[in-house]
Each structure stands twice: as structure tokens, then as C-alpha cells.
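Residue numbers (our numbering): 469 to 739.
No residue lacks a Cβ here, since even glycine has one placed at the ideal position from N, Cα and C.
In this text, all values refer to a predicted model and were calculated from it rather than measured experimentally.
Here's the structure we're looking at; comments come further down.
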């Protein structure tokens with residue numbers, strides 16, 4: 469067996485030391501790389517989690533806003549329906565226009581053209597007011613208005629059906645009561661008692677259905693009069709009568725020229 473010289477032994481030990489240092493360095497580099505990779509992975513995971521959390525919060529906020537928005541819209545629609553409900557179908561709805569007017573003059577010394585006793589001028593005003601009472605309507609309009617065409621009087625020659633807008637029935641009742649009030653001053657036919665009672669109840673129903681919420685107050689007219697009088701200075705909303713009347717006149721049937729036959733359930737408009 470040969471022996472290693474002392475110098476060779478020292479060189480060998482130095483070489484082995486270098487190898488150990490090199491191996492430790494590589495292992496250290498590998499360990500550092502693995503730690504860095506793990507740190508990057510953990511950071512990426514936290515970044516993804518953070519993004520997802522932010523995204524969830526944003527979508528949740530949007531959903532909450534939508535929910536409250538829908539609730540707000542529905543609530544306002546309900547309020548709108550309560551304060552300004554949709555009218556049931558009528559061909560006259562297209563002619564409805566609202567205006568803000570001063571209330572009716574509560575002073576009994578002031579009269580409209582339809583008041584002031586029984587005379588030719590007032591009679592003429594009432595006749596003109598009620599002249600477009602009867603109107604022409606189509607079968608489709610009756611159906612949309614929940615009226616049965618099969619039990620309604622038809623106009624001859626396929627000209628539709630004879631109809632009446634409710635406001636004219638109410639005005640008719642007012643005129644009947646007026647005629648009864650001034651029954652000793654004119655030659656009009658006096659309506660029977662049952663008809664007058666029907667008209668009173670019709671007016672009662674109309675007033676309760678169309679509640680006027682305009683506030684009235686009370687006052688004394690002068691210092692020498694202890695009578696309390698009502699007054700109304702507040703504004704109120706009214707249908708523009710001239711526009712509505714223009715529409716009804718476009719459909720009006722001359723009531724003094726209408727002849728109806730019960731057997732055929734038809735009405736004919738004369739020349």
C-alpha cells in the first residue's frame with residue numbers, strides 16, 4: 469500500500485473543503501429559490517383572495533342599490549296610482565286635460581251662465597251644454613269599456629252603437645232638479661218624484677266618487693252683518709271642459725232625430 473505525501477494530503481483536504489462549500493452554496497441557493505417561489509405563490513393567492521373580496525363587495529353593493537332602487541320605484545308608483553289613478557278605458561280619455569283654476573265663486577251674488585233663475589238665456593245655456601249628450605261608439609270601444617255590445621242598442625247601417633258619457637247623465641239630473649225647482653215658471657215637463665230621487669242619489673254618488681279636497685274657510689263680509697259666509701281662495705285642478713266638449717261634439721248624435729226600434733234593437737238617425 470502506498471502512502472500519500474503530506475503535501476498531497478493538504479491539497480486533498482483543501483479540495484474537499486471547496487467541494488463542501490460549493491455544495492452548501494448550491495443547497496443554500498436551492499433553499500432560497502424554493503422560499504422565494506413559495507412566497508410568490510402565497511402573495512399571488514392573497515392577491516387573488518383580495519381581488520375576489522373586493523369584487524364580491526362591489527357586486528353586493530350594486531345588488532343592494534338595485535334592491536333599494538326597485539323598492540323606491542315601486543313605492544312611488546303606488547303613490548302615483550293612489551294620487552293619480554289610471555282611468556278606466558273610455559274613448560274620451562284622449563280629450564282629458566287638467567288645468568289649475570280658481571275655485572268656484574262661493575259668493576251667492578255671482579252667477580254662471582247656467583244659474584240665475586228660469587229665463588230664455590239660462591234655458592239656452594243648458595240646452596247647449598247638454599246637446600252632445602248622445603255619442604257614437606264602436607263595438608271595440610264598448611268591449612274595452614266593459615260594456616256588452618250584444619245587449620246595447622246599435623245604430624243602423626253599421627254605424628256603431630249609441631252611447632252616453634257619464635258626465636252628461638249627471639248634468640241631465642242637475643237640469644231635472646232645476647226644472648223642478650222652477651216648476652211654476654216654465655212649461656217644461658215636471659219629472660216624477662222617483663226620477664228626482666234617482667237624480668239626487670246620482671249626484672250624491674258622483675260627488676263622493678270625485679272628492680273635491682279644496683279647502684274652504686269662513687269669514688264675515690262686513691261689520692254690520694253677523695252672518696258667517698264661506699269662501700274659497702285655494703286653487704283646484706279641473707278638467708278642461710272646452711277640450712272635452714270639443715271631443716264629444718265630434719261624436720255627437722242629434723238626440724231629437726234619433727228613432728229606435730225595440731224589435732230590431734236598432735236606432736236610426738234622421739236627417
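> So, is residue 528 buried or exposed, given that buried needs 16 or more other C-beta atoms within 10 angstroms?
Replying inline: By one-based count along the chain shown, residue 528 stands at place 60. Counting every other CB atom within 10 Å of its CB across the protein chains shown gives residue 528 a total below 16, marking it as exposed.
>> From the DSSP secondary-structure annotation, give me the bridge partner or partners of residue 697.
In response: Your numbering for residue 697 matches position 229 in the chain shown. Beta-bridge partners assigned by DSSP to residue 697: 687.
>> Going by C-alpha to C-alpha distance, which of 605, 621, 569, 594 sits closest to residue 733?
In response: Stepping through the chain shown from its first residue, residue 733 is reached at position 265. Nearest C-alpha to residue 733: 621.
> Taking the beta strand (DSSP E) that residue 729 falls in, what are its first and last residues?
Replying inline: Here residue 729 refers to the residue found at position 261 when the chain shown is read from its first residue. Its beta strand (DSSP E) spans residues 726–729.
>> Can you give me the C-alpha to C-alpha distance between residue 560 and residue 716, rounded to a whole angstrom?
In response: Your numbering for residue 560 matches position 92 in the chain shown. Your numbering for residue 716 matches position 248 in the chain shown. Spanning the alpha carbons of residue 560 and residue 716 requires a straight line of approximately 8 Å.
>> Applying the 10 Å Cβ sphere with the 16-neighbour rule, what's the burial state of residue 649?
In response: As a position in the chain shown, residue 649 is number 181, starting the count at 1. Residue 649 is exposed by the Cβ-count criterion.
>> Three Cβ pairs or more, each shorter than 8 Å: is that satisfied between the stretch 707–723 and the stretch 592–606?
In response: Here the stretch 707–723 makes contact with the stretch 592–606; the two share three or more CB pairs at distances below 8 Å.
>> I want to know whether the stretch 697–706 touches the stretch 580–592 - three or more CB-CB distances under 8 Å.
In response: No, because fewer than three Cβ pairs between the stretch 697–706 and the stretch 580–592 fall closer than 8 Å, the two stretches do not touch.
>> Using only the alpha-carbon positions, how far apart do residue 718 and residue 593 sit?
In response: Start at 1 with the first residue of the chain shown, and residue 718 comes out as number 250. Start at 1 with the first residue of the chain shown, and residue 593 comes out as number 125. Distance between the alpha carbons of residue 718 and residue 593 is about 19 Å.
> Thinking C-beta only, is residue 557 closer than 8 Å to residue 612?
Replying inline: Translated into the one-based positions of the chain shown, residue 612 becomes position 144. Translated into the one-based positions of the chain shown, residue 557 becomes position 89. With contacts defined as CB atoms closer than 8 Å, residue 612 and residue 557 qualify as a contacting pair.
>> Quick test of your reading: residue 735 and residue 598, contact by CB under 8 Å. State the CB separation rounded to the nearest angstrom.
In response: Here residue 735 refers to the residue found at position 267 when the chain shown is read from its first residue. Here residue 598 refers to the residue found at position 130 when the chain shown is read from its first residue. Contact between residue 735 and residue 598 does not hold, since the beta-carbon distance rounds to 18 Å and is not under 8 Å.
>> So that I know if they touch, is there some Cβ in chain B lying closer than 8 Å to that of residue 634?
In response: Here chain B cannot be found, since the structure has a single protein chain.
>> DSSP has residue 581 in a bridge; who is on the other side?
In response: Numbered from 1 along the chain shown, position 113 holds the residue referred to as residue 581. Bridge partners of residue 581: none, in fact.
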